[in-house]
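Sequence lines, in order, name chains A and B.
Residues in the first sequence are numbered from 1 upward in steps of one, following full-length UniProt numbering.
Residues in the second sequence are numbered from 1 upward in steps of one, following full-length UniProt numbering.
Beta carbons are placed, not taken as given, at the ideal position from N, Cα and C, and that holds for glycine.
As structure tokens, the structure follows; a few thoughts come after it.
Protein chains: 2
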Amino acid sequence: MSQAPGRLTQRDIARLAGVSQTTVSLVLNNRGDAGARIAPETRDRVLQVIRETGYAADPLARRMLKQLNQILGVFTYEPVFPSTSADFYHPFLRGIEESAERSGCDLLLFTSAPVRDGQRRIFHENNRLRVADGCVLLGREIPSTELSRLVAEDYPFVCVGRRDDADGRPVPYVGADYVNATAQLVDRARALGHRRFAFVGPGTGAESSADRLTGFRRAAGARAPFLSGDTPDAAERLARVLEAGVTAVFAEVEAEAVALAQAAAAHGLSIPGDLSMVTLGDPTIPVHSSLDFTGFHIPRPQMGQQAVELLVDVLHGQTSVTQRLLDCELTQGETLGPPAH
Amino acid sequence: MSQAPGRLTQRDIARLAGVSQTTVSLVLNNRGDAGARIAPETRDRVLQVIRETGYAADPLARRMLKQLNQILGVFTYEPVFPSTSADFYHPFLRGIEESAERSGCDLLLFTSAPVRDGQRRIFHENNRLRVADGCVLLGREIPSTELSRLVAEDYPFVCVGRRDDADGRPVPYVGADYVNATAQLVDRARALGHRRFAFVGPGTGAESSADRLTGFRRAAGARAPFLSGDTPDAAERLARVLEAGVTAVFAEVEAEAVALAQAAAAHGLSIPGDLSMVTLGDPTIPVHSSLDFTGFHIPRPQMGQQAVELLVDVLHGQTSVTQRLLDCELTQGETLGPPAH
DNA sequence: TCCCTGTAGTAATTCGCATTAGCAGCTTGA
DNA sequence: TCAAGCTGCTAATGCGAATTACTACAGGGA
Numbered sequence: 001m002s003q004a005p006g007r008l009t010q011r012d013i014a015r016l017a018g019v020s021q022t023t024v025s026l027v028l029n030n031r032g033d034a035g036a037r038i039a040p041e042t043r044d045r046v047l048q049v050i051r052e053t054g055y056a057a058d059p060l061a062r063r064m065l066k067q068l069n070q071i072l073g074v075f076t077y078e079p080v081f082p083s084t085s086a087d088f089y090h091p092f093l094r095g096i097e098e099s100a101e102r103s104g105c106d107l108l109l110f111t112s113a114p115v116r117d118g119q120r121r122i123f124h125e126n127n128r129l130r131v132a133d134g135c136v137l138l139g140r141e142i143p144s145t146e147l148s149r150l151v152a153e154d155y156p157f158v159c160v161g162r163r164d165d166a167d168g169r170p171v172p173y174v175g176a177d178y179v180n181a182t183a184q185l186v187d188r189a190r191a192l193g194h195r196r197f198a199f200v201g202p203g204t205g206a207e208s209s210a211d212r213l214t215g216f217r218r219a220a221g222a223r224a225p226f227l228s229g230d231t232p233d234a235a236e237r238l239a240r241v242l243e244a245g246v247t248a249v250f251a252e253v254e255a256e257a258v259a260l261a262q263a264a265a266a267h268g269l270s271i272p273g274d275l276s277m278v279t280l281g282d283p284t285i286p287v288h289s290s291l292d293f294t295g296f297h298i299p300r301p302q303m304g305q306q307a308v309e310l311l312v313d314v315l316h317g318q319t320s321v322t323q324r325l326l327d328c329e330l331t332q333g334e335t336l337g338p339p340a341h
Numbered sequence: 001m002s003q004a005p006g007r008l009t010q011r012d013i014a015r016l017a018g019v020s021q022t023t024v025s026l027v028l029n030n031r032g033d034a035g036a037r038i039a040p041e042t043r044d045r046v047l048q049v050i051r052e053t054g055y056a057a058d059p060l061a062r063r064m065l066k067q068l069n070q071i072l073g074v075f076t077y078e079p080v081f082p083s084t085s086a087d088f089y090h091p092f093l094r095g096i097e098e099s100a101e102r103s104g105c106d107l108l109l110f111t112s113a114p115v116r117d118g119q120r121r122i123f124h125e126n127n128r129l130r131v132a133d134g135c136v137l138l139g140r141e142i143p144s145t146e147l148s149r150l151v152a153e154d155y156p157f158v159c160v161g162r163r164d165d166a167d168g169r170p171v172p173y174v175g176a177d178y179v180n181a182t183a184q185l186v187d188r189a190r191a192l193g194h195r196r197f198a199f200v201g202p203g204t205g206a207e208s209s210a211d212r213l214t215g216f217r218r219a220a221g222a223r224a225p226f227l228s229g230d231t232p233d234a235a236e237r238l239a240r241v242l243e244a245g246v247t248a249v250f251a252e253v254e255a256e257a258v259a260l261a262q263a264a265a266a267h268g269l270s271i272p273g274d275l276s277m278v279t280l281g282d283p284t285i286p287v288h289s290s291l292d293f294t295g296f297h298i299p300r301p302q303m304g305q306q307a308v309e310l311l312v313d314v315l316h317g318q319t320s321v322t323q324r325l326l327d328c329e330l331t332q333g334e335t336l337g338p339p340a341h
């Protein structure tokens, strides 16, 4: 009923070396300094036995006393590997894995979280959050109820992507500065001579969407047209854009931009000759288009990497700054040019 | 320095509910049956407190007594997420994740394993293998020393891909039947009229390579030409193939087939008109070629999936069959045709 | 001789949880 | 009337390793 028969414990090692379990532990942890001293010959004898038997300390028992287990949790709101979501999660995970490897941590994917209402939930009757020392959270949208609870429980975690405060308390994150990147693109368009801009996309809901709209509004003015996704179809949207005298369109998702571009082509309009078009971030789902869109590049691997670094710092109590925004790199592309008029 | 302040224990719950820690444990585990009885009102009071506080048992402490922790380890010999190895690992991981989710297990990626001699090693001074209940091993080649030790320690694990015995003891695996798939392709070529076949590729080292050669030899005969990868260049290999009167070439890796095909084209030979060519498995690195190769398809996701299922069965002591071979599906392609003359 | 300081190690305790044994208080049967 | 049985709960123990507190002994100075 117990563990595999071959499983060794410190007591076994102690017996074989003719010392106490305490001594084995001291040798293993190299505590020559702290109050306890071990004679070199005793030490060698113990090490010898350990080498012969291939003993390795049980990390679980270890964690019961220390608080760190060198395990970082990774929570995603959808499965990671299926190719549908792979394009979204993968770049983040690349950075996360690299960073975890560097800091000698293992990664625990919370695949066991049950799905409710089409989403995984962190908190469920048998959540295993505490197996990990802390956790990195990935997802376009993260329910604030879950964030509140994590914050309230003082559970160490870091979100990938900016998050609003939860219950008035700051949420740790490593995000991308969509506000600034979007504003810069508007400024660039303005420098080219554009005067009327439109924003197309959700603009609300997830923080990432809201931030883009915020940046747009900041640079384009509070009254610049904003067409949320619920506007009927692309042709309809295009009509409304043109009607408002807009010469540069800022689309949150590339698919949206592609749809609009097609509608424009159908109208005999060229891009960027007759209408400039800018996308606000890399495509997360592959889109078939020959257009090389002007926009910006989200530093996903760096976000993942720094999220882990931040988490490790937090775990070691080495930082008080728990929110970081990374710059997005603007991409040249060929869909933004001077306006026609 | 101690645990996160917000961390609750059964003792806390007990204090809040005015009962003993034992009672809390009994309620949590629904042990109304076994000797101990809990009055419904006590039970409800405890459950109420648990609900209010959101208490969740520490799975590690739990595992010290039971033997399972619902954590499955995943060991890969290279990082998982970088795109270089992603194409190889990804399909397996898709199946692994799916299966883990179904059985309510979390996945622990052993990213902390230090690299020695250009490879990760399972066993190192501070390996955390035992955090997981068992482990799935991925890798083209797995050092037999490591396998031997896993077997010797009675550590529950399953390899993805067939493995030779380690120290005369069988290694648990879920593999693909390369022997049979390769032999079938040779038979198919023979049915089309081919009589002389050649095998191009390592054919040794990893079990997957050896199996392909075994299948080839079984169907093509022990004396059919075998050109290992160390033969100089593609043109040279092609020359030797033609010299031997070979009409159908079986290439272990697609890149190899592409190189040969180019050499053949340079010689003015058409495929499959003048020379038939078969690849033995899906490309693991993207190859640029317009050829739609005849060959077989490795059921990678199913392999990952069944590896997890097998591991779970093993952990529950529910199986004695620890080796499974899955069939490969032959692909039609257009590089295998009747021989020329 | 007695006290003090070091040295080299061990016994005991701890972590959070599950389990076993057992203890009160009450009812029942003969 | 008293052992026997039932009920509802708790004290005690153990898992494996880390840590604290302590002991046994040697050597040195007063």
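Taking a cut of 9 Å between CB atoms, which residues from the region 43-70 of chain B lie near chain A? So the list reads Gly54, Ala56, Ala57, Asp58, Pro59, Leu60, Ala61, Arg63, Met64, Gln67, Asn69, Gln70, given in the order they occur along the chain.
Anticipated Cβ contact below 8 Å, A:Leu108 with B:Asp106, distance rounded: Translated into positions along the first sequence, residue 108 of chain A becomes position 108. Translated into positions along the second sequence, residue 106 of chain B becomes position 106. At roughly 6 Å, the Cβ-Cβ gap stays under 8 Å, so A:Leu108 and B:Asp106 are in contact.
Quick check: is the beta carbon of B:Cys105 nearer than 8 Å to any beta carbon in chain A? For this step, residue 105 of chain B is matched to residue 105 along the second sequence. It does; some Cβ of chain A falls within 8 Å.
Neighbourhood of A:Glu256 by C-beta, 7 Å cutoff - its chain only, sequence neighbours within 5 removed: Counting from 1 along the first sequence, the entry for residue 256 of chain A is found at position 256. The answer, listed in chain order, is Val200, Gly201.
Contact under 8 Å by Cβ, A:Leu60 with A:Asp133: Translated into positions along the first sequence, residue 60 of chain A becomes position 60. Translated into positions along the first sequence, residue 133 of chain A becomes position 133. The Cβ-Cβ distance between A:Leu60 and A:Asp133 does not fall below 8 Å.
B:Ala132 - containing alpha helix (DSSP H), residue span: Against the second sequence, residue 132 of chain B aligns to sequence position 132. Where B:Ala132 is concerned, there is no enclosing alpha helix (DSSP H), given that its DSSP letter is neither H nor E.
How would you call B:Val321, buried or exposed, if buried means at least 16 neighbouring beta carbons within 10 angstroms? Reading the second sequence from its first residue, position 321 is the one you call residue 321 of chain B. Exposed, because fewer than 16 other Cβ atoms sit within 10 Å of the Cβ of B:Val321.
Taking residue 343 of chain B as the reference, which of B:Ala265, B:Arg51, B:Asn30, B:Arg7 has the closest Cα? Given that chain B is displayed from residue 1 to residue 341, the structure contains no residue 343 of chain B and the question cannot be resolved.
Are the C-beta of A:Phe123 and some C-beta of chain B separated by less than 8 Å? Within the first sequence, the letter at position 123 stands for residue 123 of chain A. Output row for A:Phe123: interface = yes.
Between the region 274-299 of chain A and chain B, which residues of the former have a C-beta closer than 7 Å to a C-beta of the latter? Answer in chain order: no residues at all.
State the DSSP-derived secondary structure class of A:Ala4, mapped to helix, strand or coil. Locating residue 4 of chain A in the first sequence gives position 4, counting from the first residue. Reliability fails at A:Ala4, whose pLDDT of 44 lies under 50, so the model's placement of it is uncertain and the value that follows must be treated cautiously. In the three-state scheme derived from DSSP, where H, G and I count as helix and E and B as strand, A:Ala4 is classed as coil.
For chain B, check one thing: does any of its Cβ atoms lie closer than 8 Å to the Cβ of A:Ser90? Position 90 of the first sequence holds residue 90 of chain A. In the sequence as presented, Ser is not what sits at residue 90 of chain A; that position holds His. Using a Cβ-Cβ cut-off of 8 Å, A:His90 counts as an interface residue toward chain B, since at least one Cβ of chain B sits closer than that to its own.
When you compare the CB positions of A:Phe293 and A:Thr335, do they come within less than 8 Å of one another, or not? Residue mapping note: residue 293 of chain A aligns to position 293 of the first sequence, counting from 1. Residue mapping note: residue 335 of chain A aligns to position 335 of the first sequence, counting from 1. Judged by beta-carbon spacing, A:Thr335 lies within the 8 Å limit of A:Phe293, meaning their Cβ atoms are closer than that value.
Could you confirm whether any beta carbon from chain B is found closer than 8 Å to the beta carbon of A:Phe81? By one-based count along the first sequence, residue 81 of chain A stands at place 81. Yes, A:Phe81 counts as interfacial toward chain B.
Sequence ranges, alpha helix (DSSP H) only - wholly within the region 168-244 of chain A, length at least 4: Secondary structure remark: continuous alpha helix (DSSP H) runs of at least 4 residues inside the region 168-244 of chain A, in chain order: 178-192, 207-220, 234-243.
Buried or exposed, going by whether 16 or more other CB atoms sit within 10 Å of the CB of A:Ala222? Start at 1 with the first residue of the first sequence, and residue 222 of chain A comes out as number 222. A:Ala222 is exposed by the Cβ-count criterion.
Using beta-carbon positions only, say whether B:Thr182 and B:Arg212 come within less than 8 Å of one another. In the second sequence, residue 182 of chain B corresponds to position 182, counting from 1. In the second sequence, residue 212 of chain B corresponds to position 212, counting from 1. The answer is yes: Cβ separation under 8 Å.
Whose C-beta lies closer than 8 Å to the C-beta of A:Met1 among residues of the same chain, with five residues either side of it excluded? Position 1 of the first sequence holds residue 1 of chain A. For A:Met1, the predicted model reports a pLDDT of 31, less than 50, meaning its position is unreliable; a value from the coordinates is still stated below. Once the five neighbours on either side are set aside, A:Met1 has no close Cβ partner at all.
Please state the DSSP three-state secondary structure of A:Glu141. What you label residue 141 of chain A is simply residue 141 of the first sequence in a count that begins at 1. A:Glu141 falls in the coil class under three-state DSSP.
Range covered by the alpha helix (DSSP H) that runs through B:Asp106: Start at 1 with the first residue of the second sequence, and residue 106 of chain B comes out as number 106. Unbroken run through B:Asp106 is the beta strand (DSSP E), 106-109; no alpha helix (DSSP H).
B:Tyr55 and B:Ile13 - do their beta-carbons sit closer together than 8 Å? Start at 1 with the first residue of the second sequence, and residue 13 of chain B comes out as number 13. Start at 1 with the first residue of the second sequence, and residue 55 of chain B comes out as number 55. Between B:Ile13 and B:Tyr55, the gap from beta carbon to beta carbon is short of 8 Å.
Does the beta-carbon of A:Gly203 have 16 or more other beta-carbons within 10 angstroms, so that it is buried, or is it exposed? Taking the first residue of the first sequence as position 1, residue 203 of chain A is located at position 203. With 16 or more other Cβ atoms within 10 Å, it is buried.
How would you list, in chain order, the residues of chain B whose beta-carbon sits under 9 Å from the beta-carbon of A:Ala100? Numbered from its first residue, the first sequence carries residue 100 of chain A at position 100. Result: Leu109, Thr111, Ser112.
Go to B:Arg162, then tell me how far its alpha helix (DSSP H) extends in each direction, as first and last residue. To locate residue 162 of chain B, count along the second sequence from 1; it is residue 162. In the DSSP assignment, B:Arg162 falls outside any alpha helix (DSSP H), carrying neither H nor E.
Just the C-alpha distance for B:Pro5 and A:Pro338, rounded to the nearest angstrom, thanks. Stepping through the second sequence from its first residue, residue 5 of chain B is reached at position 5. Stepping through the first sequence from its first residue, residue 338 of chain A is reached at position 338. Unreliable positioning characterises B:Pro5 in this predicted model, as indicated by a pLDDT of 46, which lies under 50. A coordinate reading is not provided.
At the 8 Å Cβ level, is B:Arg130 part of the contact set with chain A, yes or no? Within the second sequence, numbered from 1, the residue matching residue 130 of chain B stands at position 130. Contact of B:Arg130 with chain A is assigned, a C-beta pair being separated by under 8 Å.
Tell whether a beta-carbon distance below 8 Å holds between residue 345 of chain B and B:Phe250. Because residue 345 of chain B is not part of the residues shown, which for chain B are 1 to 341, the question remains open.
Give the secondary structure of A:Leu68 by DSSP, where H, G and I count as helix, E and B as strand, and everything else as coil. Locating residue 68 of chain A in the first sequence gives position 68, counting from the first residue. In the structure shown, A:Leu68 adopts coil according to DSSP, grouped into three states.
By alpha-carbon positions, which one of A:Cys135, A:Thr331, A:Ala265, A:Glu153 ends up nearest to A:Ala166? Position 166 of the first sequence, counted from the start, is the residue given in the question as residue 166 of chain A. Taking only the C-alpha atoms, the option nearest A:Ala166 is A:Glu153.
Mind listing the chain B neighbours of A:Arg94? Cutoff is C-beta to C-beta under 7 Å, in chain order. Counted from its first residue, the first sequence places residue 94 of chain A at position 94. Close partners of A:Arg94 in chain B (Cβ separation under 7 Å): Phe81, Pro82.
Do you know offhand how far A:Val171's Cα is from B:Gly333's? For the purposes of this step, residue 171 of chain A is taken as residue 171 along the first sequence, with counting starting at 1. For the purposes of this step, residue 333 of chain B is taken as residue 333 along the second sequence, with counting starting at 1. Rounded to whole angstroms, A:Val171 to B:Gly333 spans 54 Å at the Cα level.
Under 8 Å between the Cβ atoms of A:Gln306 and B:Ser112? Sequence index remark: in the first sequence, residue 306 of chain A carries index 306 (1-based). Sequence index remark: in the second sequence, residue 112 of chain B carries index 112 (1-based). Taking C-beta atoms as the reference points, A:Gln306 and B:Ser112 fail to come closer than 8 Å.
Please confirm whether B:Asn29 has its beta-carbon closer than 8 Å to some beta-carbon of chain A. Counting from one through the second sequence, the residue named residue 29 of chain B turns up at place 29. When Cβ-Cβ separations below 8 Å define contact, B:Asn29 makes no contact with chain A.
Quick one: what's got a C-beta closer than 7 Å to B:Ala219's C-beta in the same chain, skipping five residues either side? Numbered from 1 along the second sequence, position 219 holds the residue referred to as residue 219 of chain B. Correct list, in chain order: Ala183, Val186, Asp187.
Beta-bridge partners of B:His297, as assigned by DSSP: If you number the second sequence from 1, residue 297 of chain B lands on position 297. Bridge partners of B:His297: B:Glu329.
How long is the line joining the alpha carbons of A:Val136 and A:Leu238, rounded to whole angstroms? Residue 136 of chain A sits at position 136 when you count from the first residue of the first sequence. Residue 238 of chain A sits at position 238 when you count from the first residue of the first sequence. Roughly 40 Å separates the two Cα atoms.
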